[in-house]
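The structure under discussion appears below in the form of structure tokens.
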């Protein structure tokens with residue numbers, strides 16, 4: 004007898020044993036490989052539900068293919084997360100009244116490394132709690148020595164091939180962080196703003212003006228043109244004429260461009276290419292100058308800087324002195340006031356707009372013209388590529404070809420459209436960041452501004468000459484640059500053209516499991532870099548899963564109070580501790596009251612311990628292709644009950660098989676009943692369905708299939724039938740029953756192991772010896788079950804269906820007669836078929852004193868008769884007519900009240916027209932069911948009358 008199910012005890016015991024035994028490491032003697040790369044989580048991060056979802060799928064795949072005999076390698080790692088990590092450490096310093104500039108770069112980086120060593124392993128420790136069977140001996144960090152060397156080699160190589168360059172381009176700029184940021188680090192937030200209509204007088208006719216609408220009047224200081232649509236008849240005569248730029252004392256032309264929507268606003272658009280991405284493209288088409296009026300803190304410059312699209316300095320000129328040094332929003336107020344004072348403000352309208360904000364700082368992102376490093380997406384490399392079908396293609400072409408040729412497949416397939424949409428609009432990739440934490444760009448400058456890209460300073464000095472005084476570029480690389488190299492930087496790649504055993508075995512990896520939000524930022528760039536440097540695709544399949552949301556479909560957010568920490572769900576947490584945890588360290592402390600209220604509403608008693616297996620089964624059940632999931636806490640409770648059900652079923656099997664003959668001796672006679680044959684046949688079907696589900700990434704179908712088999716077929720049906728056979732069967736039948744119990748359960752545990760590893764390991768250790776299974780050290784290394792169609796006996800399925808129909812009919816009959824569950828009664832069955840074999844099971848399964856087949860049912864005026872597959876069934880119960888009549892009248896009264904209430908609702912004027920269709924349909928279905936019940940009650944009353 005096993006003790007009470009205790010997930011925490013099992014999890015700590017078995018994970019430590021697996022890892023100590025090296026069970027997670029690949030076995031190169033196995034031949035065919037299965038490899039998977041973990042999307043490296045931020046080193047600053049903690050586990051969230053998205054990670055738990057993603058990792059359940061990855062670990063399930065790794066465990067499945069390991070059991071299938073593959074040389075399985077799941078490579079884990081963490082990302083240095085440049086911006087996020089630097090912010091964490093800077094905030095710690097700020098609390099001490101110190102800035103990074105006070106420390107200097109070298110001392111600051113020492114602080115970051117210290118923090119990383121102390122706190123950076125949180126998320127990988129939590130992954131172990133979830134049961135991730137990653138090969139921790141291969142764990143990497145994107146700034147460790149190996150990755151740093153790879154990053155440098157790749158950067159230098161790309162530069163030598165003409166694919167990395169430095170130039171002045173428009174980028175997303177966070178004025179608070181003081182760095183360029185990627186689109187992924189920008190949130191577009193709907194805000195209440197204004198649309199200002201401004202008069203731009205004609206230079207040669209100041210009484211006439213074009214009205215330009217803008218949401219950012221401060222940028223008019225950098226306007227270079229006003230654009231109209233070339234087919235807009237209102238402005239045809241003005242194209243090419245000059246306008247007076249308000250407040251600035253200079254003139255700008257009217258240009259024609261199809262970018263303008265002539266039906267929106269006034270049909271006139273101010274063009275400020277140094278401060279707007281769309282305007283930048285318009286300016287490039289018309290070769291306008293770029294006039295920069297903001298410094299890197301988003302303050303108005305004293306002098307505007309003028310460039311062309313080839314990054315050459317053209318000019319500079321003084322800006323109005325009353326704006327110089329003003330923050331952009333202060334300048335906006337001043338400019339609006341000045342426009343109004345000069346009669347140039349035509350109108351002000353309230354306007355909702357999408358405002359780009361930095362996801363870390365909340366500051367409004369400014370399109371900023373800055374000097375940055377870029378990777379060229381559409382340039383042909385000059386030399387030095389490995390010989391492959393990708394040779395000679397640009398990086399964008401390589402990424403397109405990998406998918407178009409079918410070498411990389413998206414699952415679900417519709418994500419190919421998203422991928423292609425991004426690739427068709429691809430711009431050069433800005434890879435430099437104005438941070439200190441990250442891979443410092445391997446470029447040095449001499450006194451004349453010449454650039455020397457090299458693997459180290461000595462190599463740069465050799466290129467520049469012994470007398471040159473060099474300074475290193477202070478920028479670091481975008482975090483996505485190093486993570487783009489993960490498919491080969493983790494497998495021993497160097498640029499000498501020699502493949503390691505790992506590269507040969509695990510590149511391309513079998514599948515990448517990731518969310519849709521980083522298809523471009525990570526997936527596409529891994530394809531580019533890997534095909535370029537190895538001539539191979541990085542992975543064969545890309546399985547895109549949805550986002551985990553709360554039970555109402557809302558995005559999980561700390562400020563909303565709807566976040567669930569997976570470890571809290573595993574271990575459980577009391578409400579006071581949960582409230583303290585959720586209201587501490589909020590980015591916006593003012594949201595603490597709403598977080599507290601939401602938490603108390605969702606979890607009034609805290610979160611009970613579910614265990615890792617219940618969490619994993621819940622996640623697997625949600626893993627349908629590409630759909631975002633609404634996490635329901637109740638479902639996790641249900642799967643906790645499922646784990647307990649397996650535990651209890653195993654206890655029953657052990658109590659009835661340990662120390663007994665379980666049919667391991669093949670020379671002993673066996674006597675399989677149709678029930679035995681049925682459960683063995685259902686097991687074969689389940690094995691086939693589970694394997695197909697795992698291999699097609701349908702973990703939801705695997706979970707559903709296994710849940711139904713274990714709970715319904717094995718526990719609810721076969722175990723109950725087995726009790727009859729063990730109690731009443733001959734020695735051969737009992738031996739066969741024990742054999743079937745242990746063998747079916749043993750196989751079921753192996754089928755379940757990829758999803759719920761801990762409980763299956765514990766139970767398998769007890770059951771496998773009894774089932775005479777190949778008993779290694781761990782279920783992890785046991786073979787995944789292979790179905791045998793020859794073991795499916797159709798006749799046994801027919802008999803089982805007939806038995807289930809009979810039992811169902813008896814249960815309905817008991818219900819109609821109002822027989823309490825604790826009352827047993829005899830059953831008479833009239834049938835032309837011999838039902839003796841089936842009737843053996845009925846007393847135990849339907850709570851009968853006996854089940855007797857007769858030639859004709861006894862005469863009775865009171866007892867109802869049920870018909871099932873041609874057989875007539877009667878329960879012989881002495882009925883107290885008065886008591887039964889009273890019971891039925893009471894039930895009829897209750898039903899009538901419900902009918903009256905529902906009829907009144909449906910007959911209410913306008914209800915069926917205005918209410919949602921699904922609610923009306925639900926009410927009508929409920930009405931039909933109530934009427935059906937009422938008819939049965941009235942029929943029963945009529946028989947008693």
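Numbering (the numbering used here), first residue to last: 4 to 948.
C-beta: ideal position from N, C-alpha, C; glycine also.
Cβ neighbours of residue 915 within its own chain (closer than 8 Å, five residues either side excluded): 909 and 923. For residue 565, there is no enclosing alpha helix (DSSP H), as DSSP marks it with neither H nor E. A straight-line Cα-Cα distance of about 36 Å links residue 675 and residue 867. If you look at residue 269, you'll find it isn't in any beta strand (DSSP E); DSSP assigns it neither H nor E. A direct Cα-to-Cα measurement between residue 131 and residue 176 gives close to 38 Å. For residue 696 and residue 844, the gap between their C-alpha atoms comes out near 34 Å.
Distance from the CA of residue 572 to the CA of residue 582, rounded to the nearest whole angstrom, comes to 15 Å.
Counting only residues of its own chain and dropping the five nearest sequence neighbours on each side, residue 740 has a CB closer than 6 Å to the CB of 725, 728 and 729. Residue pairing of residue 453 in beta bridges, as defined by DSSP: absent, with no partner found. Straight through space, the alpha carbons of residue 943 and residue 818 are spaced by roughly 12 Å. For residue 153, the uninterrupted alpha helix (DSSP H) run begins and ends at 148-163, by DSSP. For residue 303, the closest of 281, 761, 332 and 832 by C-alpha to C-alpha distance is 332. In this structure residue 617 does not touch residue 11 by the C-beta definition: roughly 12 Å separates them, more than the 8 Å allowed. Secondary structure note for residue 518: it is in no alpha helix (DSSP H), and the uninterrupted beta strand (DSSP E) holding it is 512-518.
Residue 153 and residue 191 have their C-alpha atoms some 35 Å from each other. Sixteen is the threshold: since fewer than 16 other Cβ atoms of the shown chains lie within 10 Å of the Cβ of residue 896, the residue is exposed. Pairwise C-beta distances place the segment 455-472 out of contact with the segment 101-116, as fewer than three of them are shorter than 8 Å.
Within the segment 292-345, complete beta strand (DSSP E) segments of at least 3 residues are found at 293-297, 303-310 and 316-321, given in chain order.
Between the segment 93-102 and the segment 808-825, the count of Cβ pairs shorter than 8 Å is below three; the stretches do not touch. Assignment of residue 622 by DSSP, reduced to helix, strand and coil, places it in the helix class.
Sequence-distant partners of residue 736 (beyond 5 residues in either direction) whose C-beta falls short of 8 Å from its own C-beta, in its chain, are 674, 676 and 728. Residues of the same chain with a CB within less than 6 Å of the CB of residue 326, apart from the 5 flanking positions on each side, are 303 and 334 in chain order. Distance from the CA of residue 274 to the CA of residue 129, rounded to the nearest whole angstrom, comes to 51 Å. Here residue 377 carries a strand assignment [DSSP, helix/strand/coil]. DSSP places residue 363 in the coil class of the three-state scheme, outside both helix and strand. With contact defined as three or more Cβ pairs closer than 8 Å, the segment 848-860 and the segment 785-792 are not in contact. Taking 8 Å as the cut-off, the Cβ atoms of residue 415 and residue 490 do not count as close. Secondary structure note for residue 176: it is in no alpha helix (DSSP H), and the uninterrupted beta strand (DSSP E) holding it is 167-177. Residue 238 sits in coil when the DSSP states are folded into three classes, being neither helix nor strand. Around the CB of residue 899, fewer than 16 other CB atoms lie within 10 Å, so the residue is classed as exposed. Around the Cβ of residue 671, a 10 Å sphere holds fewer than 16 other Cβ atoms; the residue is exposed. CA-CA distance, residue 919 to residue 876, rounds to 44 Å.
In the three-state DSSP reduction, residue 770 falls in the helix class (H, G or I). Per DSSP, reduced to three states, the secondary structure at residue 707 is helical. Under DSSP, the beta-bridge partners assigned to residue 828 are 851. Here residue 872 has 805 and 808 as same chain residues with Cβ atoms under 7 Å from its own Cβ, once five neighbours each way along the sequence are excluded.
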